[in-house]
Amino acid sequence: MGWCTGLCLKSKQRLLASLNALVACLTVTVVTRHSPTLVRCSTSGWRGRRRGGGGAHMLEVLDMAPPRHQPAAGKAGGGRGHGHGHGHGGGGGGPAARKQPLQSSMAQPKAETAAAAAAVAPPEGGKKCGGGGGRRRGGRGRGGRAGPGAGPGPGLAAAPAVVVAPAARAVIGPPVASKGLSFCRRPGFGTVGARCVVKANHFLAELPDKDLTQYDVKITPEVSSRRVNRAIMSELVRLYRDSDLGGRLPAYDGRKNLYTAGTLPFDAREFVVRLTDDDDGTGVPPREREYRVAIKFAARADLHHLRQFIAGRQADAPQEALQVLDIVLRELANRRYVSIGRSFYSPDIRKPQRLGDGLQSWCGFYQSIRPTQMGLSLNIDMSSTAFIEPLPVIEFVAQILGKDVISRPLSDANRIKIKKALRGVKVEVTHRGNVRRKYRISGLTTQPTHELIFPIDDQMNMKSVVEYFKEMYGFTIQHPHLPCLQVGNQKKANYLPMEACKIVEGQRYTKRLNEKQITSLLKVTCRRPREQEMDILQTVQQNGYEQDPYAKEFGINISEKLTSVEARVLPAPWLKYHDTGKEKECLPQVGQWNMVNKKVINGCKVNHWACINFSRSVQETTARGFCQELAQMCQISGMEFNSEPVIPIYSARPDQVEKALKHVYNMSLNKLKGKELELLLAILPDNNGSLYGDIKRICETDLGLISQCCLTKHVFKISKQYLANVSLKINVKMGGRNTVLLDAISWRIPLVSDIPTIIFGADVTHPETGEDSSPSIAAVVASQDWPEVTKYAGLVCAQAHRQELIQDLYKTWHDPQRGTVTGGMIRELLISFRKATGQKPLRIIFYRDGVSEGQFYQVLLYELDAIRKACASLEPNYQPPVTFVVVQKRHHTRLFANNHKDRSSTDKSGNILPGTVVDSKICHPSEFDFYLCSHAGIQGTSRPAHYHVLWDENNFTADEMQTLTNNLCYTYARCTRSVSVVPPAYYAHLAAFRARFYMEPEMSENQTTSKSSTGTNGTSVKPLPAVKEKVKRSN
């Protein structure tokens, strides 16, 4: 059966009748009735075109459009197939013989019929990670015709409507999981590449040989603050350790759990502890409180299972035992430092650096204990974050406003700005000598201090604030023109003069940083590898784990040496450029190359373009010269690019962006007389606020224009490298292709070249901290060419606030005219692949970004199920084998050269060489993961990407997966460098980031708002604005 999305009425009836029994059992995930935004097939037939035809009809293609250019001859068919599979074509054994048993990983509803289960579930197999077939059955090869199932079935013509058999029932949320789902086991270790030794910021931790005991803790009256709970427990231990606690030094999680090495002399006991309250900033004097602390035996924490897991003899990590050890090793740090998440900060670790506007950076360290192949490992990494600088309030206000505030009153606008910055900040008074009472700011008075009066008794006798402070404290207010701080309870006015207050030290800044502050923080955190390594070693020594009383109590020993790890440096892949260039092939050196003497392999054609100059400092002659040089570079790079714009360069003010864009668009259309404007160049000020986002939103959702933005600094200082990079961006936006892997066009990539393979990338970006209503943005991209796997199309959707599962991977909804309609991102991208290549994918590789370890199981369960349902909705027995890989960049493993002075083992920045891969010692004890540093460092310390293969029905070896991932990192379209994350995941991240401009057109560096609305309880989410159909590429 071929793939189709719509049929004539009779065909539809026959199809529904035949499919009803097969798919009635499928659980249907209903997330939202809205379709994904950025990509839409205008003629959504499965049948598609054969290779060599026109591009797929997509609204949005991230950086790489579906092919506009006919690929080289001789690549259209499947391979001849020399494996031991079923059939001889490039299709290998066909999807039915290769797919993974659905029952083995996800429990199906009891209403399932046997026939329906057979339609979705492939035959059982012996794959280590939950079933699947054995080694590859399909052969590799080239030439010949496509194998069985590669082409559309006879007699099924494509039609615009999307009609699929209705499901038996709709279920919101993921399917019920079976206990049989387990992550992929490591297939072995890699051997490809030059061997070397690197150092990792992992410190070996010896497991204690003592029994650990857990006790339940109940504190009365109940306290919500962990800090107060810890203070109560600390006082209890001080009073009773040598008596009632039998000399034990327990570790406490600050909530309900207490842990000891061995047992306490009792099973249950209640203690009384008296503690003086901390000054909470409400203005109420601190008082002594009495707390009753009940401690009751709960369980013994057996470390046997943890040892078994580390040895690879147990599949699931014993999280409880790891949690106990983590609490023990954090106990002392909690007392010494400010704790934020898994990191600890102090102004004493490194001197704080000013970030501007009343903020400073504090250095700290991240700490986490984790099981690895070498045993337990303590991962230590340096970190920095922003704190409010402990300044006198008047000085803080002057920094916020960027001017002196002593000489003149505040304007209303400045007063509102200061009120927003100070609200919730804790201050201490300085006018009472040694009495340093603390208060939390709740607001700012609208009147200056010299106008403020308040009642001093029940008879409503009034006194001014100025008089009160003079009479009560002998304090003369020097700046009565400034407003007062309102502190404590807002119901009762409490006024404090700004000059009598200082900001309390140690308050983390939780709001969004502006660009200047971000730049300053990045400068602070940018440390060369050697410096970073020394900072980590110094932190470990300062923490003094060998002297830590809690570590000693529990028998935990921490090494003070970085872990030496065997690594390999994978070779860079050969890249193919156009045959008309002087250099037809290129071998990157240390992760870099350039476009000198090269032409892009598929150059685009740009006949009609225009330019808008939004920068006041750029004169028309300067802008014209820049555009001419850019056009010339595009031509040199192998594009057909008209040297002259359609209309003269138009200058406009940034605050009139929409008017300017529409004016240039309409003027160009009038000049072209029916032809389309293809490209818009925009020159932007270096600090352009929301201008960039506004241009993208208007061009792509209103006018249907492809745009390329350039900053003023690059216009004034034109460099060949910059122009070459911009020309590469323009080429892919306009449907061209810059380079491809030589192995790809030579059909030599294992598990990609043998049968049609589609590579997905997916990511979810969440709103900034503090935004409690903005939706999250999910993005999925997929390759649209094969065997080159270089072009990618993308889709984005808004979904519930901070929802990590991608809701629109597969979905059904009810249409009044068409009935039950099937759709979703995976389905549409599979259709697009078929239309672009003339082949249906027989293998799926799915790179998923942005997932933490705690979400692995849930994400795999939900999204793998969605992929299978999307495939089954296209063809009942269509289940191509899936490999599901999580990509992580926000981890804290750093790799350092074994010898920083050895230039043969480092790049110019002092970082390890691109292609360095580690899959032993510091990796998971039994699962399929590896660290890969695929890029050359520019500044600071390179962070390797962590790849964790959760599911693998394609039976990749370690070498095959590592080499494929590394080679793909050289195909990123925007630059001539290998990138740090596999491109499909990178493109998905960029697509999600771009989509927020569509949703938040008014966002600026000091403002975060959204026109979208959502709820955290599953309520509907406002869809993103639709992108104009003629915009087929995105930057």
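The sequence shown runs 1 to 1035 under full-length UniProt numbering.
Even for Gly, the Cβ is constructed at its ideal location relative to N, Cα and C.
Model, not experiment: these values are computed from the prediction.
- In the DSSP annotation of this structure, Phe614 is not part of any beta strand (DSSP E), being labelled neither H nor E.
- Across the structure, Val328 and Asn257 are spaced so that their CA atoms are roughly 12 Å apart.
- In this structure, DSSP gives Arg996 a helical state, which the three-state scheme calls helix.
- Taking the C-beta atoms as reference points, Ala333 is found no nearer than 8 Å to Val569.
- Here the region 404-424 makes contact with the region 432-442; the two share three or more CB pairs at distances below 8 Å.
- Taking 3 residues as the shortest admissible run, the region 838-923 contains the following complete beta strand (DSSP E) segments, listed from N- to C-terminal end: 843-849, 882-888, 895-897 and 916-918.
- The alpha carbon of Ile718 has as its nearest neighbour, out of Gly689, Ala744 and Gln628, the alpha carbon of Gln628.
- Taking the C-beta atoms as reference points, Ile340 is found nearer than 8 Å to Thr385.
- In the three-state reduction of the DSSP assignment, Thr580 falls in the coil class.
- Ranked by how close their Cα comes to the Cα of Ser407, the residues Ile477, Asn379, Leu482 and Cys526 have Leu482 in first place.
- CA-CA distance, Val887 to Val981, rounds to 8 Å.
- In its chain, beyond the 5 residues on either side, Phe997 have a beta carbon closer than 6 Å to the beta carbon of Gly693.
- In the same chain as Pro480, and ignoring 5 residues on each side of it, the C-beta atoms closer than 7 Å to its own belong to Pro448, Thr449, His450 and Val466, in chain order.
- If you draw a straight line from the Cα of Thr445 to the Cα of Leu485, it comes to about 6 Å.
- Per the C-alpha coordinates, the member of Lys921, Asp907 and Ile922 positioned closest to Gly915 is Asp907.
- Within the UniProt domain "PAZ" (392-505), the runs of alpha helix (DSSP H) that reach at least 4 residues and sit entirely inside it are, in chain order, 393-401, 412-422 and 465-473.
- Following the DSSP letters along the chain, one finds Met382 inside the beta strand (DSSP E) bounded by residues Gly375 to Ile388.
- Straight through space, the alpha carbons of Glu389 and Ile755 are spaced by roughly 60 Å.
- The beta carbon of Ser727 sits closer than 6 Å to those of Met633, Cys634 and Ser637, all from its chain and outside the five residues before and after it, given in chain order.
- Judged by their CB atoms, Phe856 and Phe183 are nearer to each other than the 8 Å cut-off.
- In this structure Val882 is in contact with Trp951, their Cβ atoms being roughly 6 Å apart against a cut-off of 8 Å.
- Straight-line spacing of the CA atoms in Thr757 and Val859 works out to 22 Å.
- At a Cβ-Cβ threshold of 8 Å, Leu325 and Ile556 count as neighbours.
- Burial is judged here by how many other beta carbons sit within 10 angstroms of a residue's own beta carbon; Cys586 has at least 16 and is buried.
- The DSSP assignment places complete beta strand (DSSP E) segments of no fewer than 3 residues inside the region 719-791 at 757-765 and 776-783, in order along the chain.
- Bridge pairing for Ser926: absent [DSSP].
- Excluding the 5 residues flanking it on each side, Lys417 has same chain C-beta neighbours closer than 8 Å at Ile400 and Leu401, in chain order.
- With a contact defined as Cβ atoms closer than 8 Å, Lys1028 and Glu700 qualify at about 7 Å.
- DSSP, read as helix, strand or coil, puts Thr971 in coil.
- Thr965 is bridged by DSSP to nothing; it lacks a bridge partner.
- Note that the C-beta distance between Pro529 and Phe896 is below 8 Å.
- When Cβ pairs closer than 8 Å are counted between the two stretches, the region 838-856 is seen not to touch the region 807-821, the count staying below three.
- When the five nearest sequence neighbours on each side are left out, the beta carbons in the same chain lying within less than 6 Å of the beta carbon of Pro880 are those of Pro95, Pro841, Leu842, Arg843 and Ile844, in order along the chain.
- Counting only runs of 4 or more residues that sit fully inside the region 649-705, the alpha helix (DSSP H) segments are 657-672 and 691-698, in chain order.
- Scanning its chain for C-beta atoms nearer than 7 Å, with the 5 sequence neighbours on each side dropped, one finds around Ala317 the residues Phe309 and Pro371, in chain order.
- Taking a contact as a CB-CB distance under 8 Å, the pair Tyr972 and Val781 does not count as one, their CB atoms being some 12 Å apart.
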